[in-house]
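Throughout, our numbering is defined as the position within the sequence shown, counted from one, plus 66.
Quick notes on the structure that follows.
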Amino acid sequence: MNKDLNKRCEEVRTVPVTDRVRRLRQAVLDAKPILCSERALIVTKCYQETEGMHFIERRARALYRILDEMTLRIWDGELLVGTLGTNGRRSAPVFPEFSIEWMKDELDNLLETREQDTFEVPEQVKEDIRSIFPYWENKSIFQKYRKLLPEDTKKVRDAYVFSRDLFERNGYGHTAYQAEKIIKIGLKGLRSEVKAKYADLDLTTREDFDKKLFYDGLLICFDAITNYAKRYSDKALSMAKIESDPKRKAELFKIADVCSWVPENPARDIWEALQVVEFMQIVLQLETSGDSVSPGRMDQYLYPFYQKAMEDGIYTISQIQELFDCIWLKFNEIVKVQDTESVHIHPGFPMTQNVTAGGVTREGRDATNELSYIMLTCQEHIRLQQPQFTVRYHDDTPEDFKLRAADVIAYGTGMPALFGDRGCIASMKRFFPDMPVENMRNYAIVGCIELAPEGFQARVNGGFLNLARVVDLAMNDGVDRLTGKQLGPKTGDPAKFQSFDDLFAAAERQMEFILHHQVVNNLVVDYVQRENTPHLFLSSLVDGCIEKGRDLTWGGSRWGSTPILLGGIATASNALAAVKEKVFDKGQFCMEAVNDALNTNFEGDEAEKIQEELLAAPKYGNDDDFADAMMKKMTETFFAIIESHKDIDDRNYSSFTVTLGGTVPMGWKTGATADGRKATMPISDSFSPANEGENGAPTQVLLSAGKIDQSHFSQGNVLNLKFTKTAFQSAEAKKKLMDMVTVYFNTMEGQEIQFNVVDGRTLRQAQKTPEKYQDLIIRVAGYSARFVELAQELQNDIIARTEHDRI
67 MNKDLNKRCE
77 EVRTVPVTDR
87 VRRLRQAVLD
97 AKPILCSERA
107 LIVTKCYQET
117 EGMHFIERRA
127 RALYRILDEM
137 TLRIWDGELL
147 VGTLGTNGRR
157 SAPVFPEFSI
167 EWMKDELDNL
177 LETREQDTFE
187 VPEQVKEDIR
197 SIFPYWENKS
207 IFQKYRKLLP
217 EDTKKVRDAY
227 VFSRDLFERN
237 GYGHTAYQAE
247 KIIKIGLKGL
257 RSEVKAKYAD
267 LDLTTREDFD
277 KKLFYDGLLI
287 CFDAITNYAK
297 RYSDKALSMA
307 KIESDPKRKA
317 ELFKIADVCS
327 WVPENPARDI
337 WEALQVVEFM
347 QIVLQLETSG
357 DSVSPGRMDQ
367 YLYPFYQKAM
377 EDGIYTISQI
387 QELFDCIWLK
397 FNEIVKVQDT
407 ESVHIHPGFP
417 MTQNVTAGGV
427 TREGRDATNE
437 LSYIMLTCQE
447 HIRLQQPQFT
457 VRYHDDTPED
467 FKLRAADVIA
477 YGTGMPALFG
487 DRGCIASMKR
497 FFPDMPVENM
507 RNYAIVGCIE
517 LAPEGFQARV
527 NGGFLNLARV
537 VDLAMNDGVD
547 RLTGKQLGPK
557 TGDPAKFQSF
567 DDLFAAAERQ
577 MEFILHHQVV
587 NNLVVDYVQR
597 ENTPHLFLSS
607 LVDGCIEKGR
617 DLTWGGSRWG
627 STPILLGGIA
637 TASNALAAVK
647 EKVFDKGQFC
657 MEAVNDALNT
667 NFEGDEAEKI
677 QEELLAAPKY
687 GNDDDFADAM
697 MKKMTETFFA
707 IIESHKDIDD
717 RNYSSFTVTL
727 GGTVPMGWKT
737 GATADGRKAT
747 MPISDSFSPA
757 NEGENGAPTQ
767 VLLSAGKIDQ
777 SHFSQGNVLN
787 LKFTKTAFQS
797 AEAKKKLMDM
807 VTVYFNTMEG
817 QEIQFNVVDG
827 RTLRQAQKTP
837 EKYQDLIIRV
847 AGYSARFVEL
857 AQELQNDIIA
867 RTEHDRI
């Protein structure tokens with residue numbers, strides 16, 4: 067880093083938080099999630115009036131009506147505008163075209179009383195939602211999907227060995243949309259690009275007529291957003307005219323000017339560029355009902371605006387920091403309402419809007435700049451759960467930037483999460499050998515941990531797979547241990563297995579069976595989505611869609627894949643390792659005795675002795691070659707099976723490891739397992755060690771993880787480490803941590819690592835007096851959430867994770 071840049075970065079890191087930002091932060095913190103019916107009423111009326119219209123035009127007109135009729139809010143003191151719902155600061159709209167039937171059971175009581183992700187639901191909102199139930203009967207995406215799902219696949223899906231709840235009831239989202247493009251050329255430029263495509267169409271062909279329908283829909287969407295922004299301009303102007311405070315009056319006039327210009331036109335300065343990002347976050351989620359809408363590498367595409375501001379003296383660094391702080395807060399206003407089953411997997415309102423800092427340029431040079439530091443300072447100032455914040459590391463990441471990241475991690479929000487360019491780009495090269503390396507270098511993170519190189523759009527997620535349960539099916543001849551039902555194929559009485567190879571072959575067959583049905587389930591979901599809810603405007607900001615004249619739900623992006631999310635991976639491999647050592651290698655007890663102990667949930671003297679031995683067996687996360695070899699064998703088997711499948715776009719399936727909050731609900735469905743875990747207890751988290759048994763020091767965890775070929779995780783993996791606050795107190799400790807991370811990334815080609823910096827005592831105190839810990843943010847699994855907004859069982863699982871008091 068050159069001296070001038072270092073001086074400017076030093077100035078950035080000392081910018082204090084402003085009074086405005088403090089007030090806005092408190093307002094967000096105090097706001098309770100509230101259900102909003104306005105979007106649901108608008109879209110229902112529009113659908114009623116457009117019966118018989120082609121589904122593409124219908125979707126485009128629905129977006130126009132939503133943006134034209136929704137109530138606009140400008141909160142006191144804010145500089146950037148836009149709200150997802152309209153009756154509160156954390157207001158969640160309803161998307162009946164995707165799913166609404168679950169609200170019949172949850173609207174009156176459960177939404178307001180369930181243990182996590184609760185909402186205020188005004189009586190008028192209840193009346194509004196009830197009034198539209200009849201129209202949506204048998205019309206929602208979820209209901210259409212369920213009707214098409216084959217019965218044998220439905221049986222496995224409903225047994226909850228896998229779940230794709232996110233896309234069964236919602237749209238895709240999960241994208242690093244082309245923010246830089248719309249900032250640079252505006253809707254005007256997009257409109258010109260689309261209109262130019264009409265000249266090449268041959269409307270005597272089905273393919274080109276489909277393209278015309280797609281382009282027609284895009285033009286309606288562009289007009290809708292232009293009109294929406296101008297409505298905000300008019301709103302700010304009317305407020306400015308009656309505002310008595312001169313300073314606020316000037317700000318409202320500025321907001322009016324900004325919204326009259328963007329996003330229709332290219333942004334002229336950094337305020338306008340940030341407002342474009344805010345509008346995109348709102349519009350894309352209003353259109354798609356998708357979360358993980360991620361603005362990507364903000365420090366890269368906004369840097370020219372920063373440079374211009376510094377050269378022209380238009381804004382000071384303090385003013386730019388305040389604008390960035392403001393968009394950090396706007397991310398936190400966005401919440402979504404989901405059914406209780408989905409909330410069990412996705413608790414804590416995880417909108418996972420990811421912003422990425424650092425890394426390398428498309429040419430391979432260090433990309434760190436002043437905005438990279440401003441974003442770290444945003445996290446220091448705001449310290450809430452949104453956005454999900456990522457820092458990319460590479461071989462030449464400046465040492466000062468690493469240490470600044472460590473300073474921010476020490477505040478304990480679980481952010482920034484750290485990603486290693488070597489390991490991430492190696493995965494892209496494996497799966498997309500025809501992709502230019504420049505695209506790979508320009509990758510951003512989407513959602514929790516999803517790797518999104520330039521031009522890539524994944525169907526994330528392809529569903530959560532409970533590997534712990536898959537292995538247990540092999541231990542029980544395909545019979546579900548808790549229900550006694552034949553769920554998987556009969557793979558043989560384990561008591562008659564002659565070797566560990568017999569058991570592993572049974573596990574492989576169970577895995578093949580479950581994955582087959584998971585792929586079928588995914589195809590039905592994707593088929594229904596593309597036939598009913600194209601993501602038109604989002605597609606205009608996904609590279610390849612305009613060029614091909616094809617929506618992203620129809621495979622319009624240049625590259626893509628569908629990844630399966632692995633849950634309970636350490637629980638599963640530890641169970642296999644324990645059985646191999648205790649039964650087949652050492653003969654301490656037989657398979658029948660192990661199964662008897664599992665069936666009794668380790669109750670009784672003999673079963674307790676077996677549990678002790680299973681808990682004492684080698685465990686992943688201790689740099690134990692025996693245990694780590696089993697993890698390697700199991701993951702390689704999974705990779706071989708899933709990568710042989712194709713998705714609806716004829717693209718390869720892939721994988722990544724993240725459980726979100728699913729450790730608990732997947733654990734509920736899983737009987738006792740051969741690693742010593744008791745029935746219904748949480749399964750292991752993502753790529754991290756399991757809670758059962760002894761776990762090693764941080765370096766041992768990384769050494770274990772480094773033995774797995776992570777290049778197969780095309781969408782990334784989550785490795786959680788938990789430290790006490792005291793472990794981060796000294797500058798020496800922070801440097802040691804960054805040195806450890808550097809080795810993991812640059813030598814072992816690890817992909818990701820994230821940290822919870824909080825002690826169990828603090829978390830237990832927050833359980834007792836939650837009102838005192840409203841801004842206690844912790845890392846769940848790939849995303850951060852307010853600890854007090856999580857269910858107690860998930861809180862307990864987080865507390866139980868191994869806690870390190872030194873680095």
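For each residue, glycine too, the CB sits at the ideal point set by N, CA and C.
Keep in mind the model is a prediction, meaning the values are calculated, not measured.
Taken in chain order, the unbroken stretches of alpha helix (DSSP H) that lie wholly in the segment 120-164 and span 4 residues or more are 121-135.
In its chain, beyond the 5 residues on either side, 705 have a beta carbon closer than 6 Å to the beta carbon of residue 778. Using a Cβ-Cβ distance cut-off of 8 Å, the segment 444-452 and the segment 351-370 are not in contact, since fewer than three pairs of beta carbons, one from each stretch, lie closer than that value. An exposed status is given to residue 835, since fewer than 16 other beta-carbon atoms sit within 10 Å of its beta-carbon. In the structure shown, residue 715 adopts coil according to DSSP, grouped into three states. Within 10 angstroms of the beta-carbon of residue 163 lie 16 or more other beta-carbons, which makes it buried.
Counting every other CB atom within 10 Å of its CB across the protein chains shown gives residue 275 a total below 16, marking it as exposed.
If you look at residue 326, you'll find it isn't in any beta strand (DSSP E); it sits in the alpha helix (DSSP H) that goes 312-327.
Per DSSP, the unbroken beta strand (DSSP E) holding residue 788 starts and ends at 786-789. Bridge partners of residue 583 according to DSSP: none are assigned. The Cβ atoms of residue 863 and residue 748 sit closer than 8 Å to each other. Under the DSSP assignment, residue 852 falls in the beta strand (DSSP E) whose first and last residues are 850-852. Going by DSSP, residue 390 is part of the alpha helix (DSSP H) stretching over 383-399. In this structure, residue 856 lies away from residue 482, with their beta-carbon atoms at least 8 Å apart. Taking the Cα of residue 347 as reference, the smallest distance to any Cα among 494, 146, 389 is reached at 146. Per the coordinates, the alpha-carbon of residue 340 lies some 13 Å from the alpha-carbon of residue 437. Inclusion of residue 530 and residue 772 in the CB contact set at 8 Å is not warranted, their separation being larger than that value. When only Cα atoms are considered, residue 517 and residue 768 end up about 20 Å apart. When the alpha-carbon of residue 676 is set against those of 686, 419, 690, 653, the nearest one is in 653. The beta carbon of residue 278 is closer than 6 Å to those of 267 in its chain, skipping five residues each way along the sequence. Shown here for residue 726: same chain residues with a beta carbon closer than 6 Å to its own, the five before and five after excluded, namely 411, 412, 847 in chain order.
Per DSSP, the continuous alpha helix (DSSP H) segment holding residue 377 begins and ends at 369-378. The beta-bridge partner set that DSSP reports for residue 723 consists of 632, 783. For residue 251, the enclosing alpha helix (DSSP H) has its first and last residue at 245-264.
In this structure the segment 792-803 does not touch the segment 742-761; the number of beta carbon pairs closer than 8 Å is below three. Excluding five sequence positions before and after residue 345, the CB atoms of its chain that fall closer than 6 Å to its own CB belong to 148, 329, given in chain order.
Secondary structure of residue 833 (DSSP, three-state): helix. Comparing alpha carbon positions, the residue from 91, 370, 199, 82 closest to residue 393 is 91. In the DSSP assignment, the residues bridged to residue 242 are 360.
Around the Cβ of residue 542, a 10 Å sphere holds 16 or more other Cβ atoms; the residue is buried. By the CB criterion at 8 Å, residue 505 and residue 633 fall outside the cutoff.
With fewer than three CB-CB distances shorter than 8 Å, the segment 125-134 does not count as touching the segment 477-497. Here the C-alpha atom of residue 334 lies approximately 37 Å from the C-alpha atom of residue 845. The C-beta separation of residue 815 from residue 515 comes to about 16 Å, leaving the pair out of contact by the 8 Å criterion. In this structure, residue 823 keeps its C-beta atom at 8 Å or more from the C-beta atom of residue 383. The C-beta distance from residue 753 to residue 635 rounds to 7 Å, short enough to meet the 8 Å contact threshold.
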